[in-house]
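Protein chains: 2
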Amino acid sequence: MPDPAAERTAVEAANAAFYTAFETGDLDAMRAVWVDAPDIVCIHPGAMPVRGAGPVHRSWALVMANTSYIQFFLTDVAVSLRADVATVTCTENVLTGDDRSSPDVFGGATALATQVFLRTPEGWRLWLRHAAPVLSGEDDDDG
Amino acid sequence: MPDPAAERTAVEAANAAFYTAFETGDLDAMRAVWVDAPDIVCIHPGAMPVRGAGPVHRSWALVMANTSYIQFFLTDVAVSLRADVATVTCTENVLTGDDRSSPDVFGGATALATQVFLRTPEGWRLWLRHAAPVLSGEDDDDG
Numbered sequence: 001m002p003d004p005a006a007e008r009t010a011v012e013a014a015n016a017a018f019y020t021a022f023e024t025g026d027l028d029a030m031r032a033v034w035v036d037a038p039d040i041v042c043i044h045p046g047a048m049p050v051r052g053a054g055p056v057h058r059s060w061a062l063v064m065a066n067t068s069y070i071q072f073f074l075t076d077v078a079v080s081l082r083a084d085v086a087t088v089t090c091t092e093n094v095l096t097g098d099d100r101s102s103p104d105v106f107g108g109a110t111a112l113a114t115q116v117f118l119r120t121p122e123g124w125r126l127w128l129r130h131a132a133p134v135l136s137g138e139d140d141d142d143g
Numbered sequence: 144m145p146d147p148a149a150e151r152t153a154v155e156a157a158n159a160a161f162y163t164a165f166e167t168g169d170l171d172a173m174r175a176v177w178v179d180a181p182d183i184v185c186i187h188p189g190a191m192p193v194r195g196a197g198p199v200h201r202s203w204a205l206v207m208a209n210t211s212y213i214q215f216f217l218t219d220v221a222v223s224l225r226a227d228v229a230t231v232t233c234t235e236n237v238l239t240g241d242d243r244s245s246p247d248v249f250g251g252a253t254a255l256a257t258q259v260f261l262r263t264p265e266g267w268r269l270w271l272r273h274a275a276p277v278l279s280g281e282d283d284d285d286g
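In the order they appear, the protein sequences are chains A and B. Counted the way my numbering counts, the first sequence spans residues 1 to 143. Counted the way my numbering counts, the second sequence spans residues 144 to 286.
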């Protein structure tokens with residue numbers, strides 16, 4: 001493996017690129033973030049998995065079409081790294097806007113995301129995303 | 144990579160071993176399922192991530208101590224496979240019992256789980272688990 005610190009930085013950059021693509025509603029940038037493969041998986045919060053490049057990118061087109069404004073403040077970003085795979089977990093503190101409300105009225109929400117990245121010839125690419133609502137910061141009694 | 148079909152079967156067996164360890168409340172078996180490393184991650188449903196072998200196994204001891212009966216019926220089990228890493232996503236249809244209620248009264252719940260396995264000299268071992276409640280089977284409007 002190359003320098004682990006540099007690899008970790010590269011994974012964090014790939015993770016940040018995902019959120020930038022989402023925030024800017026840039027479908028081409030979002031497509032570039034992902035591995036181009038039939039076995040990619042995206043689990044939007046509370047929803048069932050979407051599998052494969054075509055369905056995943058169509059789901060993002062739908063998400064972006066229904067999102068007038070979204071901004072992420074990430075906390076607890078943690079990377080686990082091996083030679084050709086990395087996971088990132090982070091807390092997504094989300095600000096969203098809604099066309100039907102005043103621009104300064106935002107809904108706040110918190111989600112927890114796991115992103116799995118693969119090392120590819122083009123760099124670290126997203127292989128799986130699982131985002132889910134946080135019910136409680138202290139619930140530890142279920143498996 | 145060895146025979147992909149055999150590898151897929153081996154990953155599915157590792158995934159099944161996780162659920163068997165949980166259902167039987169076998170902490171030693173649960174420990175054997177996981178990679179023994181400081182960067183393992185377990186996200187129990189609705190909770191924040193638990194990191195590292197010590198904290199993860201302590202969390203399982205707590206979960207098991209608070210679970211009188213649990214049985215999983217897995218559906219939608221899907222494996223994505225690379226040389227040294229595999230992901231499994233599945234729907235967990237859960238039956239749980241409660242000491243305070245009649246043994247034949249069960250609570251039903253549905254969760255969605257992502258498990259990431261690493262190939263190790265001892266076989267496929269669990270590196271990350273992210274389990275989360277399913278809010279809706281058709282919610283696709285958030286990222």
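Idealized CB from N, CA, C, for every residue including glycine.
Proximity to residue i [Cα-Cα], best of the options
i: Ala-5 (chain A); options: A:Ala-83, A:Pro-133 and A:Ala-111; result: A:Ala-83
i: Leu-135 (chain A); options: A:Leu-112, A:Ala-86, A:Arg-119 and A:Leu-27; result: A:Leu-112
i: Ala-295 (chain B); options: B:Leu-224, B:Phe-215, B:Gly-197 and B:Ala-204; result: Outside the displayed span of chain B (144 to 286) sits residue 295 (chain B), for which this structure offers no information.
i: Ala-86 (chain A); options: A:Thr-120, A:Asp-28, A:Asp-26 and A:Cys-42; result: A:Thr-120
i: Thr-257 (chain B); options: A:Leu-118, A:Ile-70, A:Arg-129 and A:Asp-3; result: A:Arg-129
i: Thr-210 (chain B); options: B:Pro-188, B:Phe-165, B:Pro-145 and B:Ala-252; result: B:Phe-165
i: Asp-26 (chain A); options: A:Glu-12, A:Arg-58, A:Leu-118 and A:Val-94; result: A:Arg-58
Three-state secondary structure (DSSP) of residue i
i: Ser-59 (chain A); result: helix
i: His-133 (chain A); result: Looking at the sequence provided, one finds Pro at residue 133 (chain A) rather than His. Strand, per DSSP.
i: Arg-174 (chain B); result: helix
i: Asp-104 (chain A); result: Low local confidence applies: a pLDDT of 49 at Asp-104 (chain A) is under 50, so the model's placement there is unreliable, and no value is given.
i: Gly-197 (chain B); result: helix
i: Glu-150 (chain B); result: helix
i: Ala-256 (chain B); result: strand
i: Thr-20 (chain A); result: helix
i: Asn-93 (chain A); result: strand
Where residue i meets chain B, residues with beta-carbon distance less than 9 Å
i: Trp-127 (chain A); result: Ser-223, Arg-225, Val-228 and Thr-230
i: Ala-17 (chain A); result: Near Ala-17 (chain A) there are no residues of chain B at all, since even the closest Cβ is about 14 Å away, more than 9 Å.
7 Å Cβ shell around residue i - same chain, five flanking residues per side excluded
i: Arg-151 (chain B); result: Val-222 and Leu-224
i: Ser-102 (chain A); result: Low confidence applies here, because Ser-102 (chain A) scores a pLDDT of 48, under 50, leaving its location unreliable; read the following figure in that light. For Ser-102 (chain A), where only same-chain residues beyond five positions count, there are no Cβ hits under 7 Å.
Proximal chain A residues relative to residue i, where beta-carbon distance stays under 9 Å
i: Arg-194 (chain B); result: Ala-78, Ser-80 and Thr-89
Interface partners of residue i on chain B, CB under 7 Å
i: Thr-110 (chain A); result: In chain order: nothing, as chain B lies at least about 10 Å away.
Chain-ordered chain B contacts of residue i [CB-CB under 8 Å]
i: Asp-39 (chain A); result: Ser-223 and Leu-224
i: Thr-20 (chain A); result: Correct list: empty, because the minimum Cβ distance to chain B is about 13 Å.
i: Val-56 (chain A); result: Per Cβ cutoff of 8 Å: no residues; Val-56 (chain A) is ~11 Å from chain B at best.
Per-residue contacts from residue i into chain A (C-beta, under 7 Å)
i: Leu-217 (chain B); result: Ordered by position in chain A, no residue passes the 7 Å Cβ test against Leu-217 (chain B), which lies about 13 Å from the chain.
Neighbourhood of residue i by C-beta distance below 6 Å, restricted to the same chain and skipping five residues each side
i: Val-259 (chain B); result: Thr-230, Trp-270 and Leu-271
Subject >> Segment contact, 8 Å Cβ cut-off, at least three pairs: the segment 171-186 of chain B with the segment 261-273 of chain B >> reply: Segments in contact, yes.
Original post:
Using 8 Å as the threshold, is the segment 218-235 of chain B in touch with the segment 38-49 of chain A, meaning 3 or more CB pairs across them?
Top reply: With the cut-off at 8 Å, the segment 218-235 of chain B and the segment 38-49 of chain A touch.
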